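Using this note's numbering, you'd call the opening residue of the sequence shown number 69 and step up by one each time.
Read through the structure below, which is laid out as C-alpha cells, and then see the notes.
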Amino acid sequence: MTTDAGPTTHVLDNPAWASLSGAHAAFAERAARPEADPSSLSRAARYPSDVSPFAALADPADPDAWADLRRLVGDGGTAALAGVLTPPDGWETVGSVAGVQLVDTSLRAEPAPEAVRLGPRDVPEILGLIELTKPGPFLPRTVELGTYLGIRHRGRLIAMAGERLRPPGWTEISAVCTHPGHQGRGLATRLVRAVAAGIRERGDVPFLHTAASNTTAIRLYESIGFTLRRRPFFMAVRAPGNTAAKFS
C-alpha cells in the first residue's frame, strides 16, 4: 500500500484512471495531444458531465498529465480528482473532502429477492432519492456505469445501491442510500450484499468510498466485512487561465 502522496503501485490507488482506461474506456473523454504522433493518448481523462464528475490523471506526479488535463478542461476549467493533495503551480484547489476507501475482506454476499434492477426510466425517482439522502454524486447517466438495484415499498423507491468505478479486478459499490422514513430495517445492508454478489459472480472484488466524516456508514461497512485500505482526498481543482467553469 502507498500513501496518498507517494507513488501509485496498486490499481486502487488510482481507480478512476484504471476504470477510464479499461472497463469504462467507452465513456472516457480525452483532449487531443499536440504531438505529431496521432497514437499518443492523453494522460488525462474524464467521464461525460452527465455520467460522473470525476476526471483522472495517469500519474499525478507527471507534468504532462496535468498539461493534458488543462487541454481537456480548458483554461479556468475545473475537474474533480481523487488522491491529489497538492496540484502544480498555477492550479487552484477549490474544494476538498477527506475520504476513506474500504475493501471487501469478509463480506457475506447474497442476492436480495426483493431487489429490482434500476434503469434509465427510473432515473427521475433515483435522483429524487439521491437529493433527499445525499450519498454522493449521482447524475442522469450514472446508472449506465453498472448494475443498480433498488427496493420499493408500495411502488415507491426507498433504497438503492449500485456499481460505479470498474478498475481491473475490482468494482466500486456506490450510491448506497435509504429513505429516512425506512431506515433501521437493514435495507442498505441487503442491497450492498446483493450488489456484491453480482460483482463476485464475474470474479471482481467489491470496494467502496465514503467521506471520512461519515463515521456511521464506516462502522456499518466494517461490521459487515469491509476493511479500511486508505484515506484518499477528493478535490476540485481549477486550471490556470481566465475562463472559469463551474464545478458540479
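Each residue gets a CB set at the ideal place from its N, CA and C atoms; glycine is no exception.
All values reported here derive from a predicted model rather than from experimental measurement.
Closer than 7 Å: residue i CB and nearest the ligand ATP heavy atom
i, result
"Ser117", "Within the structure as shown, the ligand ATP is missing, as the structure has no ligands at all."
Residue of the options minimising C-alpha distance to residue i
i, options, result
"Ala227", "Leu213, Asp172, Trp238 and Thr257", "Thr257"
"Arg114", "His78, Ser291, Trp134 and Pro236", "Trp134"
"Ala129", "Ala279, Val152 and Gly145", "Val152"
"His247", "Ala262, Ala229 and Trp238", "Ala229"
"Val184", "Leu125, Thr283, Gly218 and Gly252", "Gly218"
"Leu213", "Gln251, Gly271, Ile292 and Glu240", "Glu240"
"Ala265", "Arg253, Thr283, Glu290 and Trp238", "Trp238"
"Thr284", "Val244, Pro208, Gly163 and Ala124", "Val244"
"Pro188", "Phe206, Ser89 and Leu255", "Phe206"
"Ser120", "Val305, Glu269, Pro208 and Glu290", "Pro208"
"Ala123", "Ile267, Glu178 and Leu233", "Leu233"
"Ala166", "Ala279, Lys202 and Arg268", "Ala279"
"Leu186", "Thr201, Lys202, Glu290 and Leu259", "Leu259"
"Arg268", "Thr201, Glu178 and Ile292", "Glu178"
Residue i vs residue j beta-carbon contact at 8 Å
i, j, result
"Glu231", "Thr215", "yes"
"Ala112", "Asp81", "no"
"Pro274", "Asp172", "yes"
"Arg176", "Arg261", "yes"
"Leu170", "Leu88", "no"
Residue i versus residue j: straight-line alpha-carbon distance, rounded
i, j, result
"Thr281", "Val168", "Looking at the sequence provided, one finds Ser at residue 281 rather than Thr. Each residue's alpha carbon lies about 9 Å from the other."
"Pro300", "Ser174", "22 Å"
"His78", "Ala86", "10 Å"
"Leu149", "Ala91", "19 Å"
"Ser110", "Ser242", "27 Å"
"Pro83", "Arg220", "31 Å"
"Pro181", "Val263", "12 Å"
"Arg298", "Ser108", "32 Å"
"Met303", "Gly204", "13 Å"
"Ser117", "Thr210", "10 Å"
"Gly144", "Thr154", "17 Å"
"Ala313", "Pro235", "Because Ala313 sits at a pLDDT of 43, beneath the cut-off of 50, its placement in the model cannot be relied upon, and the following sentence gives the value as read from the coordinates. Roughly 29 Å between the two C-alpha positions."
"Asp132", "Arg253", "50 Å"
"Arg147", "Ser164", "Note that residue 147 is Ala in the sequence shown, not Arg. If you take the alpha carbons of Ala147 and Ser164, they lie about 12 Å apart."
"Asp272", "Leu296", "18 Å"
"Val305", "Val162", "6 Å"
"Pro102", "Leu125", "17 Å"
"Ala73", "Ile292", "Residue confidence is low: Ala73 scores 38 on pLDDT, short of 50, so the model does not pin down where it sits. No coordinate-derived value is stated."
"Leu197", "Phe294", "25 Å"
"Leu255", "Gly249", "12 Å"
"Gln251", "Thr201", "11 Å"
"Glu290", "Arg270", "23 Å"
Element boundaries [beta strand (DSSP E), containing residue i]
i, result
"Val141", "First-last for Val141: Pro131 to Val141, but that is the alpha helix (DSSP H), not the beta strand (DSSP E)."
"Tyr216", "Tyr216 to His221"
"Arg98", "Arg98 -> no beta strand (DSSP E), and no H or E assigned at all."
"Ala91", "Segment: none, Ala91 is in no beta strand (DSSP E) and carries neither H nor E."
"Ala148", "Thr146 to Ala150"
"Arg185", "Val184 to Leu186"
"Val119", "Taken as a continuous stretch (DSSP letters only), Val119 belongs to no beta strand (DSSP E), as it is neither H nor E."
"Phe206", "Per DSSP, Phe206 belongs to no beta strand (DSSP E) and is neither H nor E."
Continuous alpha helix (DSSP H) stretch holding residue i: start and end
i, result
"Pro236", "Looking at the DSSP string, Pro236 is not in any alpha helix (DSSP H), and its letter there is neither H nor E."
"Arg232", "From DSSP, Arg232 is part of no alpha helix (DSSP H); its letter is neither H nor E."
"Thr201", "Val191 to Thr201"
"Pro288", "In the sequence as presented, Pro is not what sits at residue 288; that position holds Leu. Taken as a continuous stretch (DSSP letters only), the alpha helix (DSSP H) holding Leu288 covers Thr283 to Ser291."
"Glu269", "Leu255 to Glu269"
Handout entry: Three or more C-beta pairs below 8 Å linking the segment 184-194 and the segment 215-233
Key = yes
Handout entry: Meets three-Cβ-pair contact criterion under 8 Å: the segment 130-144 and the segment 88-99
Key = yes
Practice task
Spell out a yes or no on whether the segment 302-311 and the segment 157-175 are touching, meaning 3 or more CB-CB pairs, one atom from each, closer than 8 Å.
Solution key: yes
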